[in-house]
Amino acid sequence: MPNEIRKTGRILKAPENFIEPQLCNAITSDGLNEERRGFLRKSFLAASAVIGSGAALVQSAKAAGFEGDPNILVPTKAATTLGNPVAANPYGQPSKYEKNLLRRESPGLTRVSAASVAFAPLQGLFGIITPSGLHFERHHQGWYDIDPSTHRFMINGLVKNPKVYTMDDLMRLPSVSRMHFIECGANSATEWGNVAVPTVQYTHGMLSCCEFTGVPLSVLLDDCGFDRKNGKFILAEGGDGSAMTRTIAMDRALDDVIVAYGMNGEMLRPENGYPLRLVVPGVQGVSWVKWLRRIEVGDQPWGAKDESIHYVDLLPDGQQRQYTSIQECKSVITSPSGGQILLDKGFNNITGLAWSGRGKIKRVDVSVDGGRNWRTARLETPILTKCLTRFNIDWNWDGSPAILQSRAIDETGYVQPKIKQLRAVRGTKSIYHNNAIQSWKVAESGEVSNVQV
Ligand SMILES: Nc1nc2c(c(=O)[nH]1)N[C@H]1C(S)=C(S)[C@@H](COP(=O)(O)O)O[C@H]1N2
Ligand SMILES: [Mo]
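If you're matching positions, the sequence shown starts at 7 in our numbering and goes up one per residue.
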């Protein structure tokens, strides 16, 4: 890494990551208020001053004839004492210095009893896998920690042998492990109305990506002898009080849907459907039914409440788009992103995520001038189908205002649209399926904010 990068490449994390949660009250849907902004800048400067005081050490290290990194010479506590014993934390936890990297409720949304959403802190995550404890949460009626020994899963309807499975029954069957993203259909909903919530956590944080393990649904449907002629749809039903049911077409059900119990190498977390959830790759989150207790095979769609009243898109001509299940190709720059601050001109890595419900990501372009010029970003491996793909691109910030955007293209050739293009077809009344290009404005001061261009 060239030296100048080390000297100038500093992006401060969004305020939420390093200030106490209660101070986040100052962050509203309008961003930071003036007083808070001043306070944060002062804290940044204080933090830089501490880092800067290493200069004296460099002097004495040089005097001692040491040419390398003087920090190696510091007799730190870690280098001179016995460490903590093994298994002091039998279940490992993040460092105490990371305690502010949390899923959070949006300042722009009100909670309706237990039914709410907690967003994943995309600005603080690396690579493509979401740590289980930071996976976003969306519950229509709160979450449960269901005893797996009492949980039952039934398949009925147009099948020869309706069956009820225990968790033990399921875990004896052939299993697969696959990495897939899950995105709530309402992710980026606030952008339809240009609410401009302050950070990427709230614009795009109803998005996560994990390795899921479970039994292919096709294996279970075969096991029950489903009616291959008339069985055209399945209904998935959750065990919570929200009466969450979703219709899924049979060709999709037989393709890559998983009845999953595992997430990131261990059992699902209770918030994410423990002990059983449906994984429907590429399809909006609502179909990924949690606390899954029943699948019915039928010959036509059910038109349940969550597919006839909710999760439909109101179009300008008054019609509704229904069963708009697939999450179209989308991307977002996660750093630098809203709420972060660039402290210096010079080299800054731009990084983000791209995904498509229709397959693999083929290319991501990045613009730093609001979409006039585009450069192709580096895609990091692995590049998997219906999975997040991480991209990176070099950027030398000259200190003048900039507008950062990313534009993803998937293997079908579909190009992520601008917000204006999307509005021209879909209007402004939608809540769901906003996959428009996101713009982050970098001000001369280095502050990054959410804008629409
Ligand atoms: N049983 C049940 N399944 C559910 C829900 C729910 O409230 N109850 N919420 C759905 C919605 S709208 C989404 S976006 C995803 C969220 O999954 P997560 O909480 O694991 O992120 O679960 C879906 N499955
Ligand atoms: Mo959702």
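Even for Gly, the Cβ is constructed at its ideal location relative to N, Cα and C. These figures come from a predicted structure and were not determined experimentally.
- Query: How big is the Cα-Cα spacing for Ala126 and His145?
  - Reply: Residue numbering aside, residue 126 sits at position 120 when the sequence shown is read from its first letter. Residue numbering aside, residue 145 sits at position 139 when the sequence shown is read from its first letter. For Ala126 and His145, the distance between alpha carbons rounds to 14 Å.
- Query: Contact between the region 247–254 and the region 184–199: three or more CB pairs below 8 Å?
  - Reply: no
- Kindly examine ligand 1 and report whether one of its heavy atoms sits closer than 6 Å to the Cβ of Asp246. In the sequence shown, counting from the first residue as 1, residue 246 sits at position 240. Yes - ligand 1 has a heavy atom lying nearer than 6 Å to the Cβ of Asp246.
- Shorter than 7 Å from the beta carbon of Val203 to some beta carbon of chain B? Although the question refers to chain B, the structure presented lacks it and comprises just one protein chain.
- Message: Suppose the cutoff is 6 Å on Cβ atoms and the five residues either side in sequence are ignored; what does the same chain contact list for Glu334 look like?
- Response: Working through the sequence shown from its first residue, we reach residue 334 at position 328. So the qualifying residues of the chain are Asn441.
- Message: Strictly closer than 7 Å from CB to any heavy atom of ligand 3: give me those residues in the order they appear in the chain.
- Response: In the structure on display, ligand 3 does not appear, and the ligands it does have are ligand 1 and ligand 2.
- Under 6 Å from any heavy atom of ligand 1, does the C-beta of Lys311 make it? Numbered from its first residue, the sequence shown carries residue 311 at position 305. No.
- Would you kindly check if the distance between the Cβ of Trp361 and the Cβ of Leu394 is under 7 Å? As a working mapping, residue 394 is identified with position 388 in the sequence shown. As a working mapping, residue 361 is identified with position 355 in the sequence shown. In contact: Leu394 and Trp361 (Cβ atoms closer than 7 Å).
- Message: Taking the alpha-carbon of Ser248 as reference, which of Leu298, Ala192, Lys368 has the nearest alpha-carbon?
- Response: Locating residue 248 in the sequence shown gives position 242, counting from the first residue. Comparing Cα-Cα distances from Ser248 to each of Leu298, Ala192, Lys368, the minimum goes to Leu298.
- Exposure label - Glu386; buried when at least 16 CB within 10 Å: Residue 386 sits at position 380 when you count from the first residue of the sequence shown. With fewer than 16 other Cβ atoms within 10 Å, it is exposed.
- Query: Nearest to Ser341 by alpha carbon, out of Ser112, Ile356, Ile240?
  - Reply: Locating residue 341 in the sequence shown gives position 335, counting from the first residue. Per the Cα distances, Ile356.
- Residues bridged to Asp404 (per DSSP): Position 398 of the sequence shown, counting from 1, holds the residue named residue 404. Asp404 pairs with nothing; no bridge assigned.
- Query: Where does His186 fall in DSSP's three states?
  - Reply: By one-based count along the sequence shown, residue 186 stands at place 180. His186 falls in the strand class under three-state DSSP.
- Taking the alpha-carbon positions, what's the Gly244 to Leu176 distance? In the sequence shown, counting from the first residue as 1, residue 244 sits at position 238. In the sequence shown, counting from the first residue as 1, residue 176 sits at position 170. Their backbone Cα atoms lie some 17 Å apart in a straight line.
- Could you spell out the range, first to last residue, of the beta strand (DSSP E) harbouring His145? Indexing the sequence shown from 1 puts residue 145 at position 139. It spans 143–145 - the beta strand (DSSP E) in which His145 sits, taken as one unbroken run.
- Task: Would you check if the distance between the CB atom of Gly130 and the CB atom of Leu108 is smaller than 7 Å?
- Result: Indexing the sequence shown from 1 puts residue 130 at position 124. Indexing the sequence shown from 1 puts residue 108 at position 102. No.
- Query: Within 6 Å: the Cβ of Lys296 and any heavy atom of ligand 1?
  - Reply: Within the sequence shown, residue 296 is the residue found at index 290, counting from 1. Checking the Cβ of Lys296 against ligand 1 gives yes.
- Query: At what residues does the beta strand (DSSP E) containing Ile437 begin and finish?
  - Reply: As a working mapping, residue 437 is identified with position 431 in the sequence shown. No beta strand (DSSP E) contains Ile437, which DSSP labels as neither H nor E.
- Can you tell which of Gly304, Gly291, Thr86, Ile301 has the C-alpha that lies nearest to the C-alpha of Tyr317? On the sequence shown, residue 317 is found 311 positions in, with the first residue counted as 1. Measuring from the Cα of Tyr317, the nearest candidate turns out to be Gly291.
- Message: Can you give me the C-alpha to C-alpha distance between Thr330 and Asp319, rounded to a whole angstrom?
- Response: For the purposes of this step, residue 330 is taken as residue 324 along the sequence shown, with counting starting at 1. For the purposes of this step, residue 319 is taken as residue 313 along the sequence shown, with counting starting at 1. Cα-Cα distance, rounded: 8 Å.
- Query: Mind checking whether the beta-carbon of His210 lies closer than 6 Å to any heavy atom of ligand 1?
  - Reply: Looking up residue 210 in the sequence shown gives position 204. No, the beta carbon of His210 sits no closer than 6 Å to any heavy atom of ligand 1.
- Lys235 versus Leu164: straight-line alpha-carbon distance, rounded: Residue 235 sits at position 229 when you count from the first residue of the sequence shown. Residue 164 sits at position 158 when you count from the first residue of the sequence shown. Roughly 10 Å between the two C-alpha positions.
- His439 beta carbon near ligand 1 (any heavy atom closer than 6 Å): Start at 1 with the first residue of the sequence shown, and residue 439 comes out as number 433. Incorrect: His439 has no Cβ contact closer than 6 Å to ligand 1.
- Can you pull the DSSP bridge partners for Val203? Along the sequence shown, one-based indexing puts residue 203 at 197. Paired residues: none, contrary to the question.
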